[in-house]
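In what follows, a structure is listed as structure tokens, so that the remarks can point back to it.
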Amino acid sequence: MQKQVAFLTQSAMMLALATLLSFFAVFHLPNGGSVTLGSMIPLLFVAYKFDWKRSLLVAFAYSLIQMISGFYAPPTQNLLSFIAVVLLDYVIAFGALGLAGLFYRTLLKKLPQSVSMVTSGVMTYAIRFICHFFSGILIWSFYAPAGQPVWLYSLVYNGSYMALEALISAIFLGLAGPRLLNRFTAM
Numbered sequence: 004m005q006k007q008v009a010f011l012t013q014s015a016m017m018l019a020l021a022t023l024l025s026f027f028a029v030f031h032l033p034n035g036g037s038v039t040l041g042s043m044i045p046l047l048f049v050a051y052k053f054d055w056k057r058s059l060l061v062a063f064a065y066s067l068i069q070m071i072s073g074f075y076a077p078p079t080q081n082l083l084s085f086i087a088v089v090l091l092d093y094v095i096a097f098g099a100l101g102l103a104g105l106f107y108r109t110l111l112k113k114l115p116q117s118v119s120m121v122t123s124g125v126m127t128y129a130i131r132f133i134c135h136f137f138s139g140i141l142i143w144s145f146y147a148p149a150g151q152p153v154w155l156y157s158l159v160y161n162g163s164y165m166a167l168e169a170l171i172s173a174i175f176l177g178l179a180g181p182r183l184l185n186r187f188t189a190m
């Protein structure tokens, strides 16, 4: 019972912190996507501390919060496009953050803690980028400039914010991640 209460309270705190940080965007793109001050880091910490099942649950909860606080409707109004956006841009994309702990624990066997944190974080951001990239090709191609290949539009659009978001998080994780994770783990 005590462990369940700790998981619920710590996860709720990290969800709240991630949501709060998501509102402090350095910039927003017109059709979704933004660079924040490391809003994914609290979710990475949950994944580093708890098992993958619980981490996926927290990541799923975060995807719902993100949908509620800023859902971008697809340019076509059919059910399949709507479902694809929900899955690719929210559920799977943010769900990848729940897998960070699996990557982290595997890397930690061979690498220092800070390198494991940065690498696992970048790996999950890469999965998230791939989800947004395919969503851009399949759903958001309507916004690609005439004559530009859709894949290039999606690569540039989604890469522009995901690369910066990953860089901010990697710098933070490399500099302060281990110290803060050790404190969070001791809670």
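Adding 3 to a residue's 1-based position in the sequence shown gives its number in our numbering.
Where a beta carbon is used, it is the ideal one built from N, C-alpha and C, also for glycine.
Reduced DSSP secondary structure (H/G/I, E/B, other) of residue i
{"i": "S119", "result": "helix"}
{"i": "K56", "result": "helix"}
{"i": "P78", "result": "coil"}
{"i": "Q151", "result": "coil"}
{"i": "L114", "result": "coil"}
{"i": "P45", "result": "helix"}
{"i": "M17", "result": "helix"}
{"i": "P181", "result": "helix"}
{"i": "I142", "result": "coil"}
{"i": "L34", "result": "It is worth fixing the name first, because residue 34 is Asn in this sequence and not Leu. Three-state result, N34: coil."}
{"i": "M190", "result": "coil"}
{"i": "M4", "result": "coil"}
Paired residues, beta bridge with residue i - DSSP
{"i": "A28", "result": "T39"}
Close beta carbons around residue i, own chain, < 7 Å, minus the five adjacent residues each side
{"i": "F27", "result": "T39 and L40"}
{"i": "S123", "result": "A103, F106, Y107 and L110"}
{"i": "G177", "result": "S117 and V121"}
{"i": "F175", "result": "G41 and I44"}
{"i": "R57", "result": "F10"}
{"i": "P181", "result": "Q116, S117 and M120"}
{"i": "T188", "result": "K52"}
{"i": "V125", "result": "A169 and A173"}
Own chain residues within Cβ distance below 6 Å of residue i, not counting five before or after
{"i": "L158", "result": "none"}
{"i": "V29", "result": "V38"}
{"i": "I68", "result": "T22"}
{"i": "G35", "result": "Y75"}
Say whether the segment 90–102 touches the segment 145–157, bearing in mind that this needs 3 or more beta-carbon pairs closer than 8 Å, one atom from each stretch. no
Does the segment 52–70 come close enough to the segment 112–121 to have 3 or more Cβ pairs within less than 8 Å? no
The segment 170–180 / the segment 40–49 touching (three or more Cβ pairs under 8 Å): yes
Taking contact to mean 3 or more Cβ pairs, one atom from each stretch, closer than 8 Å, check whether the segment 9–23 and the segment 139–147 are in contact. no
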